[in-house]
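In my numbering, the protein residues as written are 180 to 474.
All C-beta atoms, glycine included, are put in the ideal place defined by N, C-alpha and C.
In this text the structure is predicted, and so the values were computed from the model without any measurement.
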């Protein structure tokens with residue numbers, strides 16, 4: 180059995196003994212000539228299939244006791260051997276695998292072509308889609324950018340109602356200058372407050388509502404009342420400053436839609452681009468007599 184197994188296995192004598200008991204108790208096994216992987220330590224082999232010490236080390240969970248490590252290794256070896264034996268038996272009983280080989284080759288070919296196409300498109304269009312093209316598409320297709328939920332930019336603060344200098348932070352949180360931002364960050368650190376600046380990133384109103392206590396009036400309605408909002412419960416005060424608001428049913432802001440538009444433009448161009456690539460390859464092959472037509 181394995182003598183010492185903690186975060187790693189240092190000796191495989193026990194595993195070899197375990198395997199020999201398992202295999203030779205179930206069947207007579209004739210060892211074949213096997214090409215081992217250089218630098219790896221073989222532990223078990225069945226025909227040309229080999230399980231290496233490194234394979235077991237890679238999956239062995241850390242922190243197991245010696246007994247649990249031994250049990251894990253034993254079960255892993257048994258599962259591996261059963262899978263190999265079942266596969267070998269399947270091969271013997273399904274000698275004609277031409278259809279399977281064809282499916283595997285078709286799948287492999289499809290994967291390679293897909294990856295090559297992805298790289299071609301990425302190289303071609305990642306830098307070719309300009310800001311002007313994005314803005315033009317946005318302006319020409321406003322109907323595609325109607326919001327189904329409201330978006331906001333701003334600042335969120337959650338502060339204990341026992342914090343000091345609340346009056347100061349109430350004055351600062353609606354200000355949008357670097358000095359105010361710095362003071363708010365310092366205040367948040369001193370008072371273990373939750374502070375989230377999202378002046379540069381749009382967030383949904385639903386995302387903000389999750390951060391707030393239960394409201395008597397929907398946040399959506401209160402956003403229309405003013406930019407600086409304050410809420411509270413028994414433990415905390417919640418401050419919300421809204422710098423920009425894009426209502427549901429309105430047009431999505433361009434800076435929020437930009438990455439999606441880039442994807443749409445790439446998709447619209449890639450079909451014709453890939454068709455041209457294939458036609459060029461075909462024409463070049465014809466010119467160089469690489470394609471042979473049999474009469």
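Worksheet item: How would you write the range of the beta strand (DSSP E) that residue 376 sits in, first residue to last?
Response: In the DSSP assignment, residue 376 falls within the unbroken beta strand (DSSP E) covering 373 to 383.
Fill in: Proximity below 7 Å, CB of residue 436 to CB of residue 304
Cβ distance not < 7 Å, so residue 436 and residue 304 don't count as in contact.
Discussion item. Rounded to the nearest angstrom, what separates residue 369 and residue 301 at their Cα positions?
Written reply: Each residue's alpha carbon lies about 47 Å from the other.
Worksheet item: Roughly how many angstroms lie between the CA atoms of residue 317 and residue 444, to the nearest whole one?
Response: In a straight line, the C-alpha of residue 317 is about 11 Å away from that of residue 444.
Worksheet item: Going by other Cβ atoms of all chains shown within 10 Å of its Cβ, with 16 needed for buried, is residue 385 buried or exposed?
Response: It is exposed - the Cβ of residue 385 has fewer than 16 other Cβ atoms within 10 Å.
Worksheet item: Hey, residue 291 and residue 416: beta-carbon distance below 7 Å or not?
Response: For the pair residue 291 and residue 416, the CB atoms are not nearer than the 7 Å cut-off.
Fill in: Short Cβ contact (7 Å threshold) for residue 321 with residue 440
No, the Cβ-Cβ distance between residue 321 and residue 440 is not below 7 Å.
Practice prompt. Measure the C-alpha to C-alpha separation of residue 544 and residue 313 and round it to an integer number of angstroms.
Written response: Shown here, the chain extends from 180 to 474; a query on residue 544 therefore has no answer.
Discussion item. Let's see if you can read the secondary structure: which residues bound the alpha helix (DSSP H) around residue 300?
Written reply: For residue 300, the uninterrupted alpha helix (DSSP H) segment begins and ends at 277 to 304.
Discussion item. Going by DSSP in three states, residue 421 sits in which element: helix, strand or coil?
Written reply: In the three-state DSSP reduction, residue 421 falls in the strand class (E or B).
Item to complete: Measure the alpha-carbon distance for residue 284 versus residue 278 and round it to whole angstroms.
Response: Going from the Cα of residue 284 to the Cα of residue 278 covers about 10 Å.
Discussion item. Counting beta carbon pairs with one atom in the segment 330 to 346 and one in the segment 378 to 393, are three or more of them shorter than 8 Å?
Written reply: They touch, by the three-pair rule.
Discussion item. Quick test of your reading: residue 327 and residue 427, contact by CB under 8 Å. State the CB separation rounded to the nearest angstrom.
Written reply: Rounded to the nearest angstrom, the Cβ distance from residue 327 to residue 427 is 7 Å, consistent with a contact under 8 Å.
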